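Participant: A single structure is presented below for examination.
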Amino acid sequence: MRFSTSTLLALPLLAAAAQQKSPLDEAMGQLQTIFEKVAAFLPNIPNPNKQHPVDAANAATASAGGKTLHVLTLDSWKETVRSPVKAESTTPEEWFILVTGGNKTCFGHCGTVETAFNKSALLLAANPTAPHLGYLNCEDQPVLCNSWGAGPPALWVMEIKPEPAPVDIRIVGLNTTSTTAKTFTDLHALKTWKESPLYEGYFHPFDGPLAEYNLNVPLGYIFWVFAIVPSWMFMIAISFLSRSIMGNRMAPQPNRRPGAPAAAQVRALPSNDRA
Ligand SMILES: *[C@@H]1O[C@H](CO)[C@@H](O)[C@H](O)[C@H]1NC(C)=O
Ligand SMILES: *[C@@H]1O[C@H](CO)[C@@H](O)[C@H](O)[C@H]1NC(C)=O
Ligand SMILES: *[C@@H]1O[C@H](CO)[C@@H](O)[C@H](O)[C@H]1NC(C)=O
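Quick note on numbering: the sequence shown equals residues -18 to -1, 1 to 257 in mature numbering (1 follows the signal peptide of the UniProt record, and there is no 0).
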């Protein structure tokens, strides 16, 4: 996760600001539209919310009788994962969501894991107790990944009950070299994912404090902007800033100069008294 102490310190402030909900929501909605428009306009900036066409890989899996791989996007992931949940159901719907990435977000190391996961969609199809399968690619969906605090490669296991029940999430780490389709079928058959601790971070996408105040997506955008704006741009901005501050300090300030020695004398007085 990419955030600094100062962002963390700002969180309570942001949270307080978010309590007057509707104007902030509106502003954030506008901000999101602006970000996406700018991103779509500039060819060098990747779209942070790339829509995933019904692609060949998925179609092939489906036609081979595999379980559907639901591709998650910023706009629709919540509806997608909630859609199989029936209002009266008491047992949670189980989701296996693969968090994966490409050259930028996973240093090109996610291929093995992704191939294995896609294959497991075929193997799990025959199993009536199989979990629902989700696919989240952080290269296409950086803002969604940031808003979850998710980093590839990992398997997010969600147990979803009807609202307003809390959602249990466990994150299972995946070995980039040794993961196979059997890793996933075993995880399901042996329920070994239950050994992972419950995810209780700030960024819990359903029940975390950031989700509660609708701050996770705006923060996701902020982290995304920091990640794509090149560091030299920050350097130039900081250098301009510090130069203008220095410039103000260096400029002659005739009104202040005479005051300075006086202040020093005042400070010296108490020690003279004691002596
Ligand atoms: C896995 O499936 C997803 C969703 O269908 C697809 O976008 C991706 O290219 C596939 N990856 C591999 C390595 O086959
Ligand atoms: C990822 O990196 C590999 C090796 O550097 C390269 O062959 C491949 O084309 C890259 N893929 C993308 C989508 O940029
Ligand atoms: C991943 O699996 C390989 C082969 O089993 C093993 O050598 C390696 O230590 C594992 N890596 C991690 C991080 O567990």
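No residue lacks a Cβ here, since even glycine has one placed at the ideal position from N, Cα and C. Only a predicted model underlies this, so the values are computations on that prediction, with no experimental measurement involved.
Going by the beta-carbon positions, is the gap between residue 67 and residue 143 smaller than 8 Å?
Facilitator: Contact flag set, yes.
Participant: Express the C-alpha separation of residue 104 and residue 197 in angstroms, rounding to a whole number.
Facilitator: Going by the C-alpha atoms only, they are around 37 Å apart.
Participant: Can you tell me which of the three DSSP states residue 149 falls into?
Facilitator: It is coil, neither helix nor strand.
Participant: Using the beta-carbon of each residue, find all residues closer than 6 Å to any heavy atom of ligand 3 and list them in chain order.
Facilitator: The set, ordered by position in the chain, is 157, 159, 160.
Participant: Taking all protein chains shown into account, do 16 or more other C-beta atoms lie within 10 angstroms of the C-beta of residue 226, making it buried, or fewer, making it exposed?
Facilitator: Result: exposed.
Participant: In angstroms, rounded to a whole number, what distance separates the CA positions of residue 76 and residue 107?
Facilitator: One C-alpha to the other measures close to 15 Å.
Participant: Going by the beta-carbon positions, is the gap between residue 170 and residue 116 smaller than 8 Å?
Facilitator: Their beta carbons are not under 8 Å apart, which means residue 170 does not touch residue 116 by this criterion.
Participant: Using a Cβ-based criterion (distance less than 7 Å to any ligand heavy atom), does residue 162 qualify as near ligand 1?
Facilitator: Checking every heavy atom of ligand 1 against the Cβ of residue 162, none is found closer than 7 Å.
Participant: Using only CA atoms, which one of 204, 82, 138 lies nearest to residue 113?
Facilitator: The candidate whose alpha carbon is nearest that of residue 113 is 138.
Participant: Give the C-beta separation of residue 56 and residue 125 to the nearest angstrom, bearing in mind that I take them to be a contact with Cβ-Cβ under 8 Å.
Facilitator: About 6 Å; that satisfies the 8 Å criterion.
Participant: Residue 32 to residue 229, Cα distance in whole Å?
Facilitator: Cα to Cα, the separation comes out at about 44 Å.
Participant: Smallest Cα separation from residue 172: which of 84, 59, 223, 111?
Facilitator: Closest by alpha carbon: 111.
Participant: Assuming residue 141 and residue 74 form a contact by the criterion Cβ under 8 Å, report the distance between their Cβ atoms to the nearest whole angstrom.
Facilitator: Residue 141 to residue 74, Cβ: 4 Å. Contact.
Participant: Look at residue 174 and residue 168 and say whether their C-beta atoms are less than 8 Å apart.
Facilitator: Contact flag set, yes.
Participant: Who pairs with residue 51 in a beta bridge, going by DSSP?
Facilitator: DSSP output for residue 51 lists 115 as bridge partner(s).
Participant: How would you call residue 123, buried or exposed, if buried means at least 16 neighbouring beta carbons within 10 angstroms?
Facilitator: It counts as buried.
Participant: Quick check on residue 85: buried or exposed, where buried means 16 or more other Cβ atoms within 10 Å of its Cβ?
Facilitator: Exposed, by the Cβ-count rule.
Participant: Mind checking who residue 139 pairs with in its DSSP beta bridge?
Facilitator: 78, 152, per the DSSP bridge assignment.
Participant: Looking at residue 158 and residue 95, is the spacing between their C-beta atoms short of 8 Å?
Facilitator: Contact: yes.
Participant: How would you call residue 275, buried or exposed, if buried means at least 16 neighbouring beta carbons within 10 angstroms?
Facilitator: Examination of residue 275 is not possible in this model, given that the chain is present from -18 through 257 alone.
Participant: For residue 82 versus residue 135, is the C-beta distance shorter than 8 Å?
Facilitator: Yes.
Participant: I need the DSSP call for residue 223, collapsed to helix, strand or coil.
Facilitator: It is helical.
Participant: Please classify residue 201: does DSSP put it in a helix, a strand, or coil?
Facilitator: In the structure shown, residue 201 sits in a helix (DSSP, three-state: H, G or I).
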